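Report on the structure given below.
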Amino acid sequence: MHHNYLDRFASLGSPIHRLDPRIKVISLFAFVLTVVITPATSFYAFFAYFCLIMAIVFLSDLPLSFVFKRSLVIIPFSLMVGLFNLFFKPPIVFINMMVKSWLSVLAIVTLSSTTPFNVLLSALEALKVPHIIIDILSFMYRYVFTLIDRVMKMERARVSRSYGRLGLKQMSAVGNMLGSLFINTYERGERIYMAMVSRGFDGQVLGRTHFVLTVYDAVFLGYMVTALLLIRIMVVRW
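Okay, so the sequence shown: first residue is 38 according to the working numbering, each after it adds one.
The following block contains the structure:
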């Protein structure tokens with residue numbers, strides 16, 4: 038698996054790519070918060086949110102197929118939760134959950150695709166996000182590809198021994214794979230921790246980026262805040 042799976046297009050030179058990453062993070066949180074607090078029946082507002090995020094996607098020169106494909110990753114999880122809620126709440130709650138989660142993930146995909154992950158971590162640090170959260174995200178991004186590669190190797194080994202079949206007889210093999218993966222991940226974490234401690238790691242990751250705000254960044258932030266406020270006013274009036 039390639040290491041640039043999440044930020045494959047982060048090196049482009051679009052107007053969105055050139056924004057200060059702190060401004061992009063603040064805009065993302067403002068967008069997600071506004072989407073979440075919007076009433077479930079405000080369909081025009083959700084359409085306006087979609088148009089807003091699509092305008093940013095077009096400015097970023099990201100392939101639409103790439104953005105939509107990555108944003109659909111949330112659909113299975115939303116379906117599981119939403120279908121369960123159908124037994125206790127009206128269908129509008131299910132639709133509301135699906136729409137809000139998809140719009141939020143669409144914004145997150147746009148952010149991660151226009152900002153290198155290490156720069157994004159530096160922006161979070163500059164915004165005073167706790168170091169423990171930043172370090173967890175950093176290690177997760179660094180080793181998730183190693184974990185996925187191991188899963189793919191185990192799956193190829195299983196397929197080669199069972200000719201691709203996955204029936205009831207293979208469920209025990211899948212269970213053994215999951216157990217082995219858990220133990221291997223735990224042991225790898227212990228080895229990494231001991232190696233870091235032996236090299237004097239004190240919880241601070243050096244080499245973070247420093248940023249400078251420009252007029253362009255302020256204009257974009259003003260545009261986002263104004264657009265979100267106008268949509269909220271539309272919700273209150275209608």
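Beta carbons: idealized from backbone N, C-alpha and C, even for Gly.
Note that the structure is a prediction, hence the values are computed from the model and not measured.
Nearest Cα to Phe87 within the set Asn155, Ala264, Val249, Ser175: Ala264. If the five residues before and after Thr152 are omitted, its C-beta is found closer than 8 Å to the C-beta atoms of Asp44, Ala47, His54, Pro58, Lys61, Ala160, all from its own chain and listed in chain order. Close CB contacts of Phe83 within its chain, under the 6 Å cut and outside five residues either way in sequence, are with Val136 (chain order). Using a Cβ distance threshold of 9 Å, Ala85 and Met271 count as a contacting pair. When the Cα atoms are used, Leu101 and Val94 turn out to be separated by approximately 8 Å.
DSSP, reduced to helix, strand and coil, places Ala232 within a helical segment of the structure shown.
With distances taken between CA atoms, Trp139 lies nearest to Arg107 out of Arg187, Leu158, Arg107. Excluding the 5 residues flanking it on each side, Ile170 has same chain C-beta neighbours closer than 8 Å at Leu161, in chain order. CA-to-CA, the gap between Thr251 and Val72 works out to about 27 Å. In this structure Val104 touches Val146 by the C-beta definition: roughly 6 Å separates them, less than 8 Å. Per DSSP, Ala77 lies in no alpha helix (DSSP H) segment and is marked neither H nor E. Between the alpha carbons of Ile111 and Phe131 lies a distance of about 14 Å.
In the same chain as Leu164, and ignoring 5 residues on each side of it, the C-beta atoms closer than 7 Å to its own belong to Arg59, Val62, in chain order. When DSSP states are grouped into helix, strand and coil, Val249 belongs to the coil group. Going by DSSP, Phe131 is part of the alpha helix (DSSP H) stretching over 128-151. Under the three-state reduction of DSSP, Phe257 is assigned to helix. Between Ser51 and Ser97, the beta carbon gap of about 5 Å places them in contact (Cβ cut-off 8 Å). Residue burial annotation: Phe219 is exposed, with fewer than 16 other C-beta atoms found within 10 angstroms of its C-beta. Under the criterion of beta carbons closer than 8 Å, Leu158 and Leu174 qualify as touching, at roughly 6 Å. Closest option to His168, judged by alpha-carbon separation, among Val262, Ala255, Asp239, Tyr81: Asp239.
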